[in-house]
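Line by line, the protein sequences are chains V and H.
Mapping to numbering that gives the first Met the number 0: the first sequence position 232 is 231, numbers consecutive.
Mapping to numbering that gives the first Met the number 0: the second sequence position 31 is 30, numbers consecutive.
A virtual CB, placed ideally from N, CA and C, is assigned to each residue, including glycine.
The structure appears below as structure tokens.
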Amino acid sequence: MPRYGMVIDLDRCTGCQACAVACKVENNVPFSSPELALEGRTIAWMQVLPFYEGEFPEARTRFMPALCNHCEIPPCVTICPTSATYLSEETGIVAQIYPRCIGCRYCAVACPYTVKFFNWFKPKWPEPMVAGLNPDVSVRPKSVIEKCTFCSHRVVKARERADGEKRKLKDGDYQTACQEVCPAKAITFGDLDDPESRVAALSKSPRAFRFGEDLGTEPKVYYLREGEWDVERER
Amino acid sequence: MGRAVFLLIAVAFLGAFLYLNVLPRFSPQPRAQPMRFSHKAHFEESTCEGCHVYVMEHGAAGTPTLENCLDCHDGLQSEKAEDQKEEEKLVVYEEEEREIPWAPFPRLASHVFFSHRRHAAVSEIECATCHEDIAESLTLPGNPPYEFTMKWCLACHEEQEASTDCVACHR
Ligand code: SF4
Ligand code: SF4
Numbered sequence: 000m001p002r003y004g005m006v007i008d009l010d011r012c013t014g015c016q017a018c019a020v021a022c023k024v025e026n027n028v029p030f031s032s033p034e035l036a037l038e039g040r041t042i043a044w045m046q047v048l049p050f051y052e053g054e055f056p057e058a059r060t061r062f063m064p065a066l067c068n069h070c071e072i073p074p075c076v077t078i079c080p081t082s083a084t085y086l087s088e089e090t091g092i093v094a095q096i097y098p099r100c101i102g103c104r105y106c107a108v109a110c111p112y113t114v115k116f117f118n119w120f121k122p123k124w125p126e127p128m129v130a131g132l133n134p135d136v137s138v139r140p141k142s143v144i145e146k147c148t149f150c151s152h153r154v155v156k157a158r159e160r161a162d163g164e165k166r167k168l169k170d171g172d173y174q175t176a177c178q179e180v181c182p183a184k185a186i187t188f189g190d191l192d193d194p195e196s197r198v199a200a201l202s203k204s205p206r207a208f209r210f211g212e213d214l215g216t217e218p219k220v221y222y223l224r225e226g227e228w229d230v231e232r233e234r
Numbered sequence: 000m001g002r003a004v005f006l007l008i009a010v011a012f013l014g015a016f017l018y019l020n021v022l023p024r025f026s027p028q029p030r031a032q033p034m035r036f037s038h039k040a041h042f043e044e045s046t047c048e049g050c051h052v053y054v055m056e057h058g059a060a061g062t063p064t065l066e067n068c069l070d071c072h073d074g075l076q077s078e079k080a081e082d083q084k085e086e087e088k089l090v091v092y093e094e095e096e097r098e099i100p101w102a103p104f105p106r107l108a109s110h111v112f113f114s115h116r117r118h119a120a121v122s123e124i125e126c127a128t129c130h131e132d133i134a135e136s137l138t139l140p141g142n143p144p145y146e147f148t149m150k151w152c153l154a155c156h157e158e159q160e161a162s163t164d165c166v167a168c169h170r
């Protein structure tokens, strides 16, 4: 069984936010506003966090795309009373089943990475965009939690395509929206257990680290810090 | 005494009102179809994907459009007068430049995702496995002819060792 994971190269990331936009469009995530942001009620499965360093003229900004880490030991799953969020044995994805969710928000509190978002309102889009919603993903109702799913609808499509062509799923068949759109190719995605996959190789890079590793959540999202590139492997 | 009779009558009226007006709204009413369509007659001449043209390529199988019908129905083809009466409706729709107002049954719940392509084309499952003997029917059903429950889907998925991961169908 594959165990999907992601590697994000912070040395490549330019902070362009293409991943954040692609994620919203792919997954029917509603827009937000500065007012909602102030109330802490935005929904952003993928967000590029800025970190400011130094003083002018020596100032610089670092960027960190942050999303659900699809923990191998996910506290959100342990706490969910309804199994609305669970760790898939088939893919390693921490999934969210909306009609099971009772909106208790325990998981949002349990997640140390604060990447679970509650639907405080019925989502709204400008009229011309309604026809452009992704038909492969549901529009979530009010009062349920949502988060990054590693575009799990795409694994279903990729499997369907591969099975139709009577072949096995290969590295690169299943891509997430953020990975696909990243102009700097900072995001790599695939099966961490496949020794041939690029994501497995990069996750073992000397530059690799995981967010909050000391928490024992075993995230499946790896970051590559700045440093010497291992050009052979990182092509 | 007068009061009791009044109350009794009031309750009887209320009961009758609920029974006649409110209850039916909670039970499914058969839906009127635009014509008496015989799956049997069509299945003898064609195949399922002849009319449900997307069944092998997309998630939704599709209901035939007027154009699909007119591809074959070039003039009246039925022999019996009562069949011709139905077939003539196509001519009327064409003249009025109207689509056929099929009454489809409620689709899946908005969080359930099903692909006909996955089942019919990729896994090569016969239509009748799920759609039973619809190909034998002489009229269009007014109510859903069968009920698809998750338990029923899962029984087959388990038997065939297909995915039983929740997100395979619920998103
Ligand atoms: S990052 Fe948070 S939401 Fe994602 S699996 Fe871990 S605990 Fe759950
Ligand atoms: S909000 Fe939903 S997913 Fe989160 S713990 Fe409660 S029921 Fe589970």
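Measure the Cβ-Cβ separation of residue i and residue j and say whether it is below 8 Å.
i	j	result
residue 197/V	residue 174/V	no
residue 129/V	residue 66/V	no
residue 27/V	residue 118/V	no
residue 89/V	residue 162/H	yes
residue 1/V	residue 192/V	yes
residue 60/V	residue 51/V	yes
residue 170/V	residue 189/V	yes
residue 147/V	residue 21/V	no
residue 94/V	residue 165/H	yes
residue 141/V	residue 120/V	yes
residue 107/V	residue 144/V	yes
residue 62/H	residue 29/H	no
residue 167/V	residue 4/V	no
residue 140/H	residue 88/H	no
residue 57/H	residue 130/H	no
residue 38/H	residue 133/H	yes
residue 70/V	residue 164/V	no
residue 181/V	residue 18/V	yes
residue 159/V	residue 117/H	yes
residue 135/V	residue 157/V	no
residue 215/V	residue 112/V	no
Tell me the rounded alpha-carbon separation between residue i and residue j.
i	j	result
residue 112/H	residue 80/H	43 Å
residue 15/V	residue 49/V	11 Å
residue 227/V	residue 162/V	40 Å
residue 170/H	residue 12/H	47 Å
residue 225/V	residue 205/V	11 Å
residue 71/H	residue 65/H	11 Å
residue 96/V	residue 43/V	18 Å
residue 207/V	residue 91/V	20 Å
residue 29/V	residue 128/H	39 Å
residue 97/H	residue 85/H	16 Å
residue 54/H	residue 7/H	58 Å
residue 167/H	residue 33/V	35 Å
residue 100/H	residue 106/H	16 Å
residue 60/H	residue 11/V	44 Å
residue 138/V	residue 39/V	21 Å
residue 31/H	residue 151/H	28 Å
residue 83/V	residue 105/V	11 Å
residue 124/V	residue 82/H	48 Å
residue 31/V	residue 122/V	10 Å
residue 201/V	residue 221/V	9 Å
residue 52/H	residue 101/V	40 Å
residue 5/H	residue 26/H	31 Å
Can you name the start and end residues of the alpha helix (DSSP H) that residue i belongs to?
i	result
residue 95/V	That residue, residue 95/V, is in no alpha helix (DSSP H); its beta strand (DSSP E) goes 93-95.
residue 163/V	151-163
residue 223/V	Looking at the DSSP string, residue 223/V is not in any alpha helix (DSSP H); the run it does join, the beta strand (DSSP E), is 220-223.
residue 199/V	197-202
residue 77/V	74-78
residue 21/V	17-25
residue 180/V	176-180
May I ask which residues mark the beginning and end of the beta strand (DSSP E) holding residue i?
i	result
residue 92/H	Segment 80-94 is the alpha helix (DSSP H) holding residue 92/H; no beta strand (DSSP E) there.
residue 35/V	Segment 33-37 is the alpha helix (DSSP H) holding residue 35/V; no beta strand (DSSP E) there.
residue 64/V	59-65
residue 49/V	46-52
residue 207/V	207-209
residue 187/V	186-190
residue 7/V	3-8
- prompt: Along the region 70-96 of chain V, what residues have a CB closer than 8 Å to any CB found in chain H?
  reply: Result list: 85, 87, 88, 89, 90, 92, 94, 96.
- request: For the region 116-169 of chain H, list the alpha helix (DSSP H) runs that are entirely contained and at least 4 residues long, ordered along the chain.
  value: Qualifying alpha helix (DSSP H) stretches, in chain order: 126-130, 149-158.
task: Check distances from the C-beta atoms of the region 149-181 of chain V to those of chain H and list, in chain order, the residues that come in under 7 Å.
output: Within the region 149-181 of chain V, the qualifying residues are 151, 152, 155, 159, 162, 163.
message: Threshold first: 3 residues or longer. Then list the beta strand (DSSP E) segments lying entirely within the region 8-76 of chain H, N to C.
response: Within the region 8-76 of chain H, no complete beta strand (DSSP E) run reaches 3 residues.
message: Any C-beta of chain V within less than 8 Å: which residues of the region 117-136 of chain H qualify?
response: Those residues of the region 117-136 of chain H that come within reach of chain V (Cβ to Cβ, closer than 8 Å) are 117, 120, 121, 122.
task: Identify each residue in the region 46-73 of chain H for which the Cβ-Cβ distance to at least one residue of chain V is less than 7 Å, and report them in chain order.
output: Of all residues in the region 46-73 of chain H, none has a Cβ within less than 7 Å of some Cβ in chain V.
- prompt: Residues in the region 145-169 of chain H with C-beta within 7 Å of chain V's C-beta atoms, listed in sequence order?
  reply: Contacts with chain V (Cβ-Cβ distance below 7 Å) from the region 145-169 of chain H involve 162, 164, 165, 166, 167, 169, listed in chain order.
query: Can you list, in chain order, the residues of the region 103-117 of chain H whose Cβ is nearer than 8 Å to any Cβ on chain V?
result: From the region 103-117 of chain H, only 108, 109, 110, 112, 114, 116, 117 have a Cβ closer than 8 Å to chain V.
query: Taking the runs of the alpha helix (DSSP H) that are 4 residues or longer, which of them lie wholly in the region 78-129 of chain V?
result: Fully enclosed alpha helix (DSSP H) runs of no fewer than 4 residues occupy 105-109, 126-129 of the region 78-129 of chain V, in order along the chain.
query: Taking Cβ-Cβ distances below 9 Å as the criterion, which residues of the region 118-138 of chain V are in contact with chain H?
result: Cβ contacts with chain H: 134, 135, 136, 137, 138.
Chain H contacts from the region 95-111 of chain V (Cβ-Cβ distance under 7 Å): Within the region 95-111 of chain V, the qualifying residues are 96, 97, 98.
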